[in-house]
Structure formats: structure tokens, C-alpha cells
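There are 2 protein chains.
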Amino acid sequence: MLSDPPTPPLVAAPGTTRAAYFVSDSTGITAETLGRALLSNFPGFTFQRHTIPFVDTPTGAAHVVADITAAAEAGLQPIVFTTTKDAAVSAVLAAAPATRIDLLGGHLTELEQTLGTTASEQLGQFHTLADTEHYFARMRAVEYAIEHDDGQSARALDLADVIIIAPSRCGKTPTTMYLALQYGLLVANYPLTDDDFPTDGLPSLVQPYAARCFGLTTTPLRLSQVRHERRPNSTYASLAQCTLELRRAEDLYRRTRVPFLNSSTKSVEEMSAVILQTLKLRS
Amino acid sequence: MLSDPPTPPLVAAPGTTRAAYFVSDSTGITAETLGRALLSNFPGFTFQRHTIPFVDTPTGAAHVVADITAAAEAGLQPIVFTTTKDAAVSAVLAAAPATRIDLLGGHLTELEQTLGTTASEQLGQFHTLADTEHYFARMRAVEYAIEHDDGQSARALDLADVIIIAPSRCGKTPTTMYLALQYGLLVANYPLTDDDFPTDGLPSLVQPYAARCFGLTTTPLRLSQVRHERRPNSTYASLAQCTLELRRAEDLYRRTRVPFLNSSTKSVEEMSAVILQTLKLRS
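Chains as they are written, first to last, in this note's numbering: chain A, 1 to 283; chain B, 1 to 283.
Here it is, written out as C-alpha cells:
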């Protein structure tokens, strides 16, 4: 008889749970994104993560140091990722009982060397996308995306930078919104339904804009899974129906030379980057 | 008589136009965001920016090096920001005639030191948010946001993590979409119109969820400007009407103790970060 497998330890090994702080003088988005990406390279550890935005005064920094100190006293050996630029704020943070990783400072020094000048003292440029025109562009893009979601409107379709086409539930809507918000692009999306087949070409509404179309596909299993979430045990969600719809859609993309990609293993960010690159929409 | 001001030079000073490359083995979003933020500290220079995503093979890297070499030969003294992790890819890029700023590598070394271990060789963790559950959460959140945009639906309003309230054109929709896409939160938004005033409290539809409400305001001038874009020379866009609506909205927020912020000088990212922090929605 085989012996039982060893019982897993009831507590984590000492030092494998660490506190991680993402500290920013602005939104904290960059500190958090980059910090998380860096930490993902160390799967043997558990990180208790804290994002602390808008730390732009020495007093604010002192509050953060108090938090970090408490974590250190609890044995969590804190790691602090910072994107703060103000010298006084940085000096306060430097006193925290933690490993500090400065995500900006070192790179600013490298840039100062290659450019032969010192960085501007101007604060608040980091992530301050408050520029009015940029804001209007995003607002218009999001409203355009909502109006043109799922083929709901043909108004001003000629203005679309991208028209995403795909069978229902292949990921059109989140990708549309991401492109609108992140890049201010006018993006419509159009569902391929049974009514669009059999066909020799693209649906008549989007046909005039074929050069701006981009197709999505996925795997039948994944599509079936997503559709079951919306309508459990329906024909719509059956594996046979999903297989058929995806095969027809892919045939259509190939025949009409519409570029397409498989969304099953890709994030919204990745799909958006591929679409931008394929349709040459990067500015 | 005063002399004329000096004529500005017709060509840029030598060396003030530089090529900047953001090179990534994934979407390029982090390389571009961080690189742009760093460059914004040097307002005396003009940067010709190029984002090159999905550079994950030595062959791909060689193409990038060819581009960089051409820019160097044109006198643009290239600067290359990289987030590539593969050693073979990095070796090819290192041969480019450019200043290279490695946005990840140095920080990985710092982490290896504090954690006392080497980084996992696992590639593709960076920005691969393809995890199915995460994807579903975002898709649901975006669909919820579309359904609940501008008070269009009261269905499942009890599930909302946040309900953004404001007069028309204060920035509800882009902020709603950003919170949905970036954080997978269920966010509704509800317009405050003349019908909601005079009132003693919040609109009846959102009243049960007062603790999850967040208000937006802006300056009358900015609101008038935005509204003129939609309906030029209307009462709706007049400064008097905008002033009245904003004053009533701010009074309402204060009376009902709904937290609020002024969107006029803030980016969508900044507003989202404030909302998350105020309503304690950071995970």
C-alpha cells in the first residue's frame, strides 16, 4: 500500500508572505501595473498588495510610512514601489523600514545623461492627461462606441476608425471600449448572425468600409462556455451551433480578406494592440 | 518705440529632436506609458515616438534594430525604452546604436536581492491578463456599464459597486467605462436633470444606494463649453443654466453627504482613482 502524500504545511514558510506597497503622487496606475508585473516573476511568494495614490506631501508620505512600519512589525518585510517625484516626499518615504524600488528616479537620471540636461522641476505632468482636447476625444470616442455597440446604429459609420465584426460573445464590446478609452478611436462593432449567412461578402452595412473591418474568432468550446453563461442550455450556446458560426465567420474573413484574430487566449489589451498594429492606427 | 521681439529660429537647435522607441514583448502599453511619462520631464526636446509591441523573437528584434539604425543615421540620436524579458531578444536590442533604458531588468535584480531568489523564467506573465475569470468580469462590467449609462435602466441597480451622479456632460460616461474596464467594477451612472429639482434628497431610483453614490461637478465655463459642442447656442449650453445646475448639484451632494469631485482639471484615470479610494473599492 502506498503511503499518503505528505500533508501540506498549515502555515506558509517564513518570509514567503510579503507586504507590497505601490505609492504614487498621482493615480498609482503605473506604479501598480509595473509593480504587479515585476512581482509576477516570483510565484513562490504571496504579496499583500496596497495601492496608495495621491501621496504628494510629506504629511501624506508620513502616513504611508506609518502603515509600512506596522507591516514591518508584523513580520511582512515590506517592499515599496514608488513613482513619486517630489524630493521632500521621497525623503520621507526613504525612511520607511522597507526595500524601496524607485520606478522612475533611476531612469530620469539615465535620461538626463543622454539628453545632457536636468529634468524639469514641473510636477504633475505624470499621468495628468487632463488636456481638454484629449478629454473631448475620449468622451466622443466612448459615446460613439456606446451608440455603435452591437450594430445598433449606422449613423456616421463612415467616421469609424475600426469596425469590429464577429459572432455574438467573441469579445467585441470590451475590445471596442478599450480602443475608445485608451486611444480615443471611433470604434463600431457589428455582430455576425445567422441572417448574414449564406453570403458572398460582408454584411451590406459594413461592406463600404471593408478596409477598416477587423474580425474576431474564438474556440467553439470557449464560445459555448461564454454563451451558456448568458443563456444556459440553449441552442445558441450549444457546441454545434458555436462550431458552425465560428467556421462560417472565419471563412468570411478569409474570403473578404478581413484581418482577424482568435480572442480565446488574449487579453483586451493584447487584442487592441494587434488591431492598432494591423490597421496601422498607431500615431 | 520698442524694438521687435527677436525672430524665433526657423530650425530646431541641433540635437533637440530625438527618436524615442518603446519596445515590448507584449502590448507595449507599459513601455509607452512609462516612457512618455519620463520624456515629459524634458519639455525642451521634441521626440519622434514609436511604439513597437510583440517583439518576442531575435528576428523581430533585428527589424527594430534596423529601424533604430536608420533613425540614428538621420541624426535623431535614438533612445530605446524596453520591457522585453527574453535574454536573446535583449541581446539583439542591445546592439542598436541608441541609449537603452531597461524599464524592468534593473528592478527585477533589486527584487531578486530582497527576496533572496531568482526570477521565474516563465515568460508571458507580463500584461497577460487573459485569465478567464478576469476576462468575464471585465466583459460583464462593460455590459453593465452600457446598460446603465445615463440612467437608462434600473435592472440590478442593487448590484452596482458605484453609481455616478451628475448633471449632463460632467464626465460620467468615460469615468464609468474606465472603472468597468480597468477594475471590472459594476458602475451605473445617473443624470441629474431639472426634473430632479427642487428636491430634499437624491433621485428616488438611486436613493436606496446612497452609500454607493459619487457625484461629479465641474466649472460653469467648462460645462458650457462642452454643452455648446453638443447643442450650440442653446439654453442648455448657456452659462446661466450651467451655473444653476452645478450649484444645485453641489448643494444636493453636500446635503445628502454624497462625496463628489470637480472633473474640470482631472483626467479619467485621476477621477477613477479618487472614486476607488473614497468608496474604499481598492482590492
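For glycine and all other residues, C-beta sits at the position ideal for the given N, C-alpha and C.
Neighbour list for residue i in chain A, Cβ cutoff strictly below 8 Å
i	result
B/Ile101	His107, Glu110, Leu111
Buried or exposed by the 16-neighbour rule on C-beta atoms within 10 Å, applied to residue i
i	result
B/Glu73	exposed
A/Ser264	buried
A/Asp251	exposed
B/His134	exposed
B/Pro174	buried
A/Leu159	exposed
A/Glu270	buried
B/Thr218	buried
B/Asn189	buried
A/His107	buried
A/Lys280	exposed
B/Asp194	exposed
A/Ser234	exposed
A/Ser289	Lying before the first or after the last residue shown, residue 289 of chain A is absent from chain A, which here runs from 1 to 283.
B/Arg222	buried
B/Gly184	buried
B/Ala211	exposed
B/Ala66	exposed
A/Pro259	exposed
B/Leu129	For B/Leu129, the pLDDT reaches just 39, beneath the cut-off of 50, and the residue's location in the model is therefore unreliable, leaving the point undetermined.
A/Gly171	buried
B/Pro208	exposed
A/Arg255	exposed
B/Pro191	buried
Residue i: contacting residues in chain B (beta-carbon distance under 9 Å)
i	result
A/Glu245	Residues of chain B passing the Cβ test: none, with the nearest at roughly 18 Å.
A/Ala88	Those within 9 Å of A/Ala88 in chain B number zero; the least Cβ separation is about 18 Å.
Rounded straight-line distance, which links the Cα of residue j to that of residue i
i	j	result
B/Gly60	B/Ser24	11 Å
B/Asp161	A/Ser272	26 Å
B/Ile146	A/Phe42	37 Å
B/Ser153	B/Arg18	51 Å
B/Ala141	B/Ala37	29 Å
B/Phe214	A/Thr27	18 Å
A/Gly124	B/Ala240	Here A/Gly124 scores only 44 on pLDDT, less than 50, and its place in the model should not be relied on; the value that follows carries that caveat. Looking at the two C-alpha atoms, the distance is approximately 32 Å.
B/Phe81	B/Ala31	6 Å
A/Gln225	A/Arg257	28 Å
A/Leu34	A/Pro203	42 Å
A/Tyr21	A/Ala70	13 Å
A/Phe126	B/Pro53	Reliability fails at A/Phe126, whose pLDDT of 41 lies under 50, so the model's placement of it is uncertain and the value that follows must be treated cautiously. Looking at the two C-alpha atoms, the distance is approximately 22 Å.
A/Asn262	A/Gly151	21 Å
B/Leu246	B/Gly201	16 Å
B/Ala249	A/Gln182	29 Å
A/Glu143	B/Val187	16 Å
B/Glu110	B/Phe45	31 Å
A/Ile275	B/Thr51	14 Å
B/Ala94	B/Gly105	13 Å
A/Thr278	A/Phe197	26 Å
A/Val89	B/Thr117	31 Å
A/Ser40	A/Thr84	22 Å
A/Asp86	A/Asp56	7 Å
B/Pro167	B/Ala91	55 Å
B/Ile79	A/Thr99	29 Å
B/Ala156	B/Leu205	12 Å
A/Pro232	B/Met177	27 Å
B/Tyr253	B/Leu76	53 Å
A/Asp149	A/Met139	15 Å
A/Thr16	A/Ala96	20 Å
Residue i: contacting residues in chain B (beta-carbon distance under 8 Å)
i	result
A/Asp149	Ile146
A/Ala119	Asn41, Phe42
Contacts of residue i in chain A (Cβ-Cβ under 7 Å)
i	result
B/Gln277	Pro53
B/Thr114	Ile79, Thr99
B/Arg138	Pro174, Val268
B/Leu76	Under the 7 Å cutoff, chain A gives no residues; its nearest Cβ is about 12 Å from B/Leu76.
Under 7 Å by beta carbon: chain B residues contacting residue i
i	result
A/Glu143	Thr173
A/Asp282	Residue identity differs from the one stated: residue 282 of chain A is Arg in this sequence, not Asp. Within 7 Å Cβ-Cβ: Thr51.
A/Leu284	For chain A, the structure presents residues 1 to 283; residue 284 of chain A sits outside this window and is missing.
9 Å Cβ cut-off: residues of chain A touching residue i
i	result
B/Thr219	The contacting residues do not exist; B/Thr219 stays about 12 Å from chain A at best.
B/Leu93	The premise fails here: B/Leu93 is roughly 15 Å from chain A at the closest Cβ pair, so nothing lies under 9 Å.
Just to confirm the assignment: which complete beta strand (DSSP E) runs, minimum length 3, are found wholly within the stretch 68-119 of chain B? 79-82, 99-102
Tell me which residues of the stretch 36-67 of chain A have at least one Cβ-Cβ distance to chain B shorter than 9 Å, keeping chain order. Ala37, Leu38, Leu39, Ser40, Asn41, Phe42, Pro43, Gly44, Phe45, Arg49, His50, Thr51, Ile52, Pro53, Phe54
Runs of alpha helix (DSSP H) wholly within the stretch 181-232 of chain A (minimum 4 residues, chain order): 220-230
If the cut-off is 9 Å on Cβ atoms, which residues from the stretch 157-184 of chain B count as contacting chain A, listed in chain order? Arg169, Gly171, Thr173, Pro174, Thr176, Met177, Tyr178, Ala180, Leu181, Gln182
Quick one: which unbroken beta strand (DSSP E) runs of 3-plus residues sit fully inside the stretch 247-283 of chain B? Chain order, please. Listed in chain order, they are 260-262.
What are the uninterrupted segments assigned as beta strand (DSSP E) that are 3 or more residues long and contained completely in the stretch 13-65 of chain B, given in chain order? 17-23, 46-52
What runs of the alpha helix (DSSP H), each 4 residues or longer, lie entirely inside the stretch 146-186 of chain B? 172-183
Taking beta-carbon pairs under 9 Å, can you tell me which members of the stretch 210-244 of chain B lie near chain A? Arg222, Gln225, Val226, Glu229
For the stretch 249-261 of chain A, which residues have a CB atom closer than 8 Å to at least one CB atom of chain B, in sequence order? none
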